[in-house]
Amino acid sequence: MKTSFFKYTAILGLSLFVTTSCKEEFLNQTPQSAITIDNFFQTKEQVLASTATLYGFPWFNFNDRAVVPMGDIMGGNVHTYDPSFQAFMVFSVQPANSNLAVSWASLYKVIGMSNTLIKLIPEKSAASISKEDLNASVGEAKFMRALAYFYLTRLWGAVPIVESSDLATGDANINRNKPEDVYKLIIKDLQYAEANCLSNKSAEGRVSIWSAKALLAKVYLYQKDFANARLKAEEVINSGQYSLMDNYADCFKQLKNNNAESVFALQWKANSDNWGTQNTIQSYLAPYNEGILDTGEFWFLCSKY
């Protein structure tokens, strides 16, 4: 018994010696076979891949639970018997309505992911990537952040401004900011995107300077700054990048995604098995016989708004 005791004591002592003798860097090695923040942003393609995440998934719950009920249903364009949406139709929405909670969280998810990329892209990208490419990607993230705040302040008025992921602590008592201050951030972000994003539509679906100008025109309209709204709208119209479709209804058909009239659209994945990457609106609304869909698998088709 003593022999066993001393044997295990010796092993334990050796183990403690080895553990306490290890240098700190031995326990904090960068993984060699896994993607990390420090080894990912090495090529232009990887930087573009990082911002591609902003075009679908973080918007999913807002797209699924808010766009139709808070937009067309409350606007009187849609009638529904869906109990989760009926409150919006009769203007009896209560604060505990789950659609409000998930939509709010979805928009702040967009903001949180955008904040992270705005910080990481300049800090972690390889020196070989041009400043123009880095700024264009940061511009995409700032466009998305501006769009999320544009929805937030129009729906809720005063909302918390969170410009850094370091501040997103989950504290429910974060102060709200007045709409006029939220609009200042929106315009600032869109002006950055206008100055730095792609100058043409060559990259299908990507935010361009014209996307930023178009959204700026809409923002100015909501502020009743009609002179600047007209200025930005005319810049888009006269850019030569866009043209009106012969049939307006074609803008909403799957086969016409990213068409000549599309200034910006979320990019949903078709036939995806990963929940949260599809456009579920068509599962609620799209008819078979209007050429909008080509199959009955509504949940797995790709479309945009």
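Just remember that this note's numbering sits 61 ahead of the position in the sequence shown, which is counted from 1. Think of the CB as a built atom: it goes at the ideal place given N, C-alpha and C, for glycine as much as any other residue. In this text, all values refer to a predicted model and were calculated from it rather than measured experimentally.
* **Inter-residue spacing [alpha-carbon to alpha-carbon] between G117 and A166** => Looking up residue 117 in the sequence shown gives position 56. Looking up residue 166 in the sequence shown gives position 105. Rounded to the nearest angstrom, the two C-alpha atoms are 15 Å apart.
On the CB-based measure, 16 or more other CB atoms within 10 Å of its CB, does E106 come out buried or exposed? Taking the sequence shown and counting its residues from 1, one reaches residue 106 at position 45. Counting Cβ neighbours within 10 Å, E106 comes out exposed, since fewer than 16 surround it.
Check your understanding: Okay, do the region 137-145 and the region 214-224 touch, 3+ Cβ pairs below 8 Å being the bar?
Key -> no
With V199 and P183 assumed to form a contact (beta carbons below 8 Å), what rounded beta-carbon distance in angstroms separates them? Your numbering for residue 199 matches position 138 in the sequence shown. Your numbering for residue 183 matches position 122 in the sequence shown. Sure, about 7 Å apart at Cβ, within 8 Å.
Quiz item: Just reading off the alpha helix (DSSP H) that T177 is part of, what are its end residues?
Solution: For the purposes of this step, residue 177 is identified with residue 116 of the sequence shown, where counting begins at 1. S159 to K185 is the extent of the alpha helix (DSSP H) around T177.
- Task: Taking S226 and A202 to be in contact with their CB atoms under 8 Å, please state how far apart those CB atoms are, rounded to whole angstroms.
- Result: As a working note, residue 226 is residue 165 in the sequence shown. As a working note, residue 202 is residue 141 in the sequence shown. Wrong, their Cβ atoms sit about 12 Å apart, outside the cutoff.
Can you list, in chain order, the residues of its chain with a C-beta nearer than 8 Å to that of Q302? Leave out the 5 residues immediately preceding and following it. What you label residue 302 is simply residue 241 of the sequence shown in a count that begins at 1. The residues are N261, K262, S269 and W271.
| query | Considering only C-alpha positions, which residue in the set P240, E322, S145 and I222 is nearest to N234? | reply | In the sequence shown, the residue the question calls residue 234 occupies position 173. Taking only the C-alpha atoms, the option nearest N234 is I222.
Worksheet item: Buried or exposed: P144, going by 16 or more other Cβ atoms within 10 Å of its Cβ?
Response: Residue mapping note: residue 144 aligns to position 83 of the sequence shown, counting from 1. When all chains shown are included, P144 counts as exposed.
Integer-rounded CB distance, given that N319 should sit under 8 Å from A326:
The sequence position of residue 326 within the sequence shown is 265, counting from 1. The sequence position of residue 319 within the sequence shown is 258, counting from 1. Yes, they are in contact, since the Cβ atoms of A326 and N319 sit about 6 Å apart, within 8 Å.
Can you give the Cα-Cα distance for A321 and K314, rounded to whole angstroms?
Translated into the one-based positions of the sequence shown, residue 321 becomes position 260. Translated into the one-based positions of the sequence shown, residue 314 becomes position 253. Taking the straight line joining both Cα atoms gives about 13 Å.
Which residues in the same chain as L305 place their Cβ atom closer than 7 Å to its Cβ, once the five residues preceding and following it in sequence are excluded?
-> In the sequence shown, counting from the first residue as 1, residue 305 sits at position 244. Excluding sequence neighbours, L305 sits near E322.
Following the continuous alpha helix (DSSP H) through S304, name the residue where it begins and the one where it ends. Walking along the sequence shown from the start, residue 304 turns up at place 243. No alpha helix (DSSP H) contains S304, which DSSP labels as neither H nor E.
Any chance the region 272-282 sits against the region 237-255, with 3 or more Cβ pairs inside 8 Å? yes
Where N257 sits in the DSSP three-state scheme: In the sequence shown, residue 257 corresponds to position 196, counting from 1. DSSP places N257 in helix when its eight states are reduced to three.
* Three-state secondary structure (DSSP) at N238? -> Here residue 238 corresponds to residue number 177 of the sequence shown, with the count starting at 1. If DSSP states are grouped into helix, strand and coil, N238 belongs with the strands.
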